[in-house]
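Report on one structure; see the data block that follows.
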Amino acid sequence: MSEAKEEKIVFQRPKALCDVVTHYCPGCLHGVVHRVIAEVIDDLGIQEITVGIAPVGCSVLAYNYIATDFAEAAHGRALAMATGMKRVHPELVVFTYQGDGDLAAIGTNELIHAATRGENITTIFINNAIYGMTGGQMAPTTLPGQVTTSTPTGRDTKLAGFPIRVCELVSTLEGSAYIVRRSAYNPSEIRKLKAAIKTAFQVQMAGLGYSLVEVVSNCPTNWGMTPLESLKWLQENMLAYYPLGDYKVKDSVKELMAKK
Amino acid sequence: MPRIVIDVERCKGCGLCTQVCPKGDLVQMSDEFNSKGYRPSKFVDPEKKCIGCAFCANMCPDVAITVYR
Ligand SMILES: Cc1ncc(C[n+]2csc(CCOP(=O)(O)OP(=O)(O)O)c2C)c(N)n1
Ligand code: SF4
Ligand code: SF4
Ligand code: SF4
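Going line by line, the protein sequences match chains F and X.
For the first sequence, my numbering puts the final residue at 906, and the numbers step up evenly by one.
For the second sequence, my numbering puts the final residue at 108, and the numbers step up evenly by one.
So this is what it looks like as C-alpha cells:
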C-alpha cells in the first residue's frame, strides 16, 4: 500500500498580518497590498525591527492590520515622521503607507524633500485616483475626464489641471534610489509587486537612499463599480496614464539586486 | 490532493478569486449568505482538478482562502 502523502499548507495568512477582519470595502486592493507587505516582512525576518507609519485616508487603521510597530501621522506628514524615526533609530526598517490624497496632495512637500534628501525610508503609495475615505472627491491623480463627487461632469484639466505622476516626478530627484510602479489586478502583477516591495526594503536596509513603490489600485465603492468592474477599469484607463515599470533603479541598487 | 478552504465568515463576496483559476471555474459565488450578509465564494471541484497554484488566494483582499497541496 502506498503511503499517504502528507498535506501541506502552501498559502495562508502571513505571520505579520493580524488575524482580524479589515474595515475595507469588498474587493478593495488595500487588503492585498497589506498582505503582500506582511509576506515580505516575514520573508526578510524583520517583524521586530519594522515600523510602519499609517496615513490619513482609508488605510488610517493600517496599524490594526500589519503586525509591526506603527505610528499614525497627521494627514500628509508620514514622511516627516518617518524621517525623524529613521534618523534616531537607523537600525529600524521604516515605511510609510500612503494614499494619493495623503502623499500627492497635502503631503507633496514632505515627499519631495524626503526623496531629495535621500532618506533611507520606504513609501508604499496607493494610487486609486480618488479620495476614498472622504467620499470620492477628486485627487491629484484623478484622470482627465474622470467623474468624482467634486468633478461631477469629469475632471476638466482647464479648471483642475493634470494628474501628477508621482514615480516620474520623484525619480528626477538625486536622493531617490528605487522608484517603481506596480499594480495588483492579477496574480502575476501581485508577484511583481511583492518582489518590488522586497527590493525596496532591502535598498533601505543597505542604506542606498529613498525607495517608493507605487501601486495602481482601485476604489470600487467611490468609482461606483463592482470589484470586478473596477479591476477592468483600472487596466483600461489607469495603466495608460500610469504605465507600470521601473522609473529609477540606481546603479548601487542594481548591484545589490545582482547579489541577492 | 490539492484543495482550498474558504473561510466564508471572512469572505466579503467581492468575487476577485473567481476569475483567475487556471482550471476554469473551481471558485464560484455561492447562493447563500454569511452572517454579515455577503454572498461568499465557494470551492467546487468534483473532478479534483485543483492544482494548488494559490492564484485565487493571492487575489483575496481578505485573506479568506487557505491552500493545501
Ligand atoms: C488636515 C486634513 N485635511 C483634510 C482631511 C480630510 N481627509 C481625510 S482622508 C483624505 C484623503 C484620502 O484620500 P487618499 O489619501 O487618496 O486615501 P484613500 O482614502 O483613497 O485610501 C482627506 C482629504 C483631514 N483628515 N485632515
Ligand atoms: S472607499 Fe475605496 S479605497 Fe476606501 S476601503 Fe472602500 S474601496 Fe477601498
Ligand atoms: S488553487 Fe489554483 S487551481 Fe486551485 S482553485 Fe485556486 S486558482 Fe484554482
Ligand atoms: S476574493 Fe476573498 S473576499 Fe473576495 S469573494 Fe473571494 S474569498 Fe471572498
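For glycine and all other residues, C-beta sits at the position ideal for the given N, C-alpha and C.
The structure presented is a predicted model; accordingly, all values stated were derived computationally and were not measured.
Option nearest residue i by Cα separation, candidates the options
i: F/S829; options: F/N766, F/A724, F/K878, F/D802; result: F/K878
i: X/P79; options: X/L65, X/C50, X/D101, X/P100; result: X/C50
i: F/Y743; options: F/K896, F/S834, F/V859; result: F/V859
i: F/L854; options: F/M903, F/R837, F/R811; result: F/M903
i: X/E111; options: X/L65, X/D84, X/V47; result: The question about residue 111 of chain X has no answer, for chain X in this structure spans 40 to 108.
i: X/D101; options: F/Y670, F/T799, F/P786, F/K844; result: F/Y670
i: F/L880; options: F/G730, F/I712, F/Q850, F/Y831; result: F/Y831
i: X/G63; options: X/K75, X/M40, X/G76, X/K87; result: X/K87
i: X/R108; options: F/V656, F/K896, F/A806, F/A684; result: F/V656
i: X/D84; options: X/N73, X/V66, X/T105, X/A96; result: X/V66
i: F/I699; options: F/D688, F/G691, F/Y711; result: F/Y711
i: F/H721; options: F/C704, F/E737, F/L675; result: F/C704
i: F/P930; options: F/I695, F/N755, F/A717; result: Since the first residue of chain F shown is 647 and the last is 906, residue 930 of chain F is not available in this structure.
i: F/E875; options: F/P672, F/C664, F/I683; result: F/P672
i: F/R681; options: X/I45, X/Q58, X/M98; result: X/M98
i: F/G781; options: F/I687, F/S822, F/W869; result: F/W869
Supposed contact pair residue j and residue i - C-beta distance, whole angstroms, cut 8 Å
i: F/S857; j: F/T768; result: 5 Å
i: X/F82; j: X/P61; result: The Cβ separation is near 15 Å, so there is no contact.
i: X/G54; j: X/M68; result: 6 Å
i: F/I758; j: F/L819; result: 7 Å
i: F/A806; j: F/T795; result: About 13 Å separates the two Cβ atoms, so there is no contact after all.
i: F/V740; j: F/M731; result: 5 Å
Contact test: residue i Cβ vs ligand 5 heavy atom, cutoff 7 Å
i: X/P79; result: Ligand 5 is absent from the structure shown, which contains only ligand 1, ligand 2, ligand 3 and ligand 4.
Legend entry - Contact list for the segment 829 to 842 of chain F against chain X, Cβ threshold 7 Å: Correct list: N832, P833, I836.
Inset, instruction - Evaluate contact between the segment 768 to 777 of chain F and the segment 858 to 877 of chain F, counting only Cβ atoms and requiring at least three cross-stretch pairs below 8 Å. - result: Contact holds: three or more Cβ-Cβ distances are below 8 Å.
Legend entry - contact_flag[the segment 749 to 756 of chain F, the segment 720 to 738 of chain F] where n(CB pairs < 8 Å) is 3 or more: Touching, per the Cβ criterion.
Legend entry - Inter-stretch contact (C-beta, 8 Å, three-pair minimum) for the segment 813 to 825 of chain F and the segment 880 to 899 of chain F: Yes: at least three Cβ pairs fall under 8 Å.
Legend entry - Contained alpha helix (DSSP H) runs [length at least 4] in the segment 793 to 828 of chain F, N- to C-terminal order: Taking only runs of at least 4 residues, the alpha helix (DSSP H) segments lying wholly in the segment 793 to 828 of chain F are 803 to 806, 812 to 816.
Inset, instruction - With a floor of 3 residues, list each beta strand (DSSP E) that falls wholly inside the segment 846 to 882 of chain F, ordered by position along the chain. - result: As far as the segment 846 to 882 of chain F is concerned, its whole beta strand (DSSP E) runs of at least 3 residues are 856 to 862.
Inset, instruction - Taking only runs that begin and end inside the segment 726 to 791 of chain F, name each unbroken beta strand (DSSP E) of 3 or more residues, in chain order. - result: As for any beta strand (DSSP E) of minimum length 3 sitting wholly inside the segment 726 to 791 of chain F, the runs are 739 to 745, 768 to 773, ordered along the chain.
Inset, instruction - Compile a chain-ordered list of the residues in the segment 77 to 94 of chain X whose CB is closer than 9 Å to at least one CB of chain F. - result: Listed by position along the chain: Y77, G91, C92, A93, F94.
Legend entry - Stretch pair the segment 784 to 794 of chain F + the segment 802 to 810 of chain F: three plus CB contacts closer than 8 Å: The segment 784 to 794 of chain F, when compared against the segment 802 to 810 of chain F, does touch it at the 8 Å Cβ threshold.
Legend entry - Members of the segment 94 to 107 of chain X that neighbour chain F once the beta carbon cut-off is set at 9 Å: Residues passing the 9 Å Cβ filter: F94, C95, A96, N97, M98, C99, P100, D101, V102, I104, T105, V106, Y107.
Inset, instruction - Could you run through the segment 40 to 56 of chain X and flag, in chain order, every residue whose CB is less than 7 Å away from some CB of chain F? - result: Identification of residues in the segment 40 to 56 of chain X having a C-beta nearer than 7 Å to some C-beta of chain F yields R49, K51, G52, C53, G54, L55, given in sequence order.
Legend entry - Any 3 or more C-beta pairs closer than 8 Å across the segment 652 to 668 of chain F and the segment 841 to 855 of chain F: As far as the Cβ criterion goes, the segment 652 to 668 of chain F does not touch the segment 841 to 855 of chain F, which means the pair count is below three.
Legend entry - Whole alpha helix (DSSP H) elements within the segment 670 to 698 of chain F, 4-residue minimum: Runs found: 676 to 690.
Inset, instruction - Residues of the segment 761 to 789 of chain F with a CB closer than 9 Å to any CB of chain X: list them in chain order, please. - result: Cβ contacts with chain X come from no residue of the segment 761 to 789 of chain F.
Inset, instruction - Note down, in chain order, all residues in the segment 58 to 74 of chain X with a beta-carbon under 8 Å from any beta-carbon belonging to chain F. - result: Listed in sequence order: Q58, V59.
Inset, instruction - Using a Cβ-Cβ cut-off of less than 8 Å, give me the residues of the segment 673 to 690 of chain F that come near chain X, in sequence order. - result: For the segment 673 to 690 of chain F, which is checked against every Cβ of chain X, the residues closer than 8 Å are G673, C674, L675, H676, G677, V678, R681.
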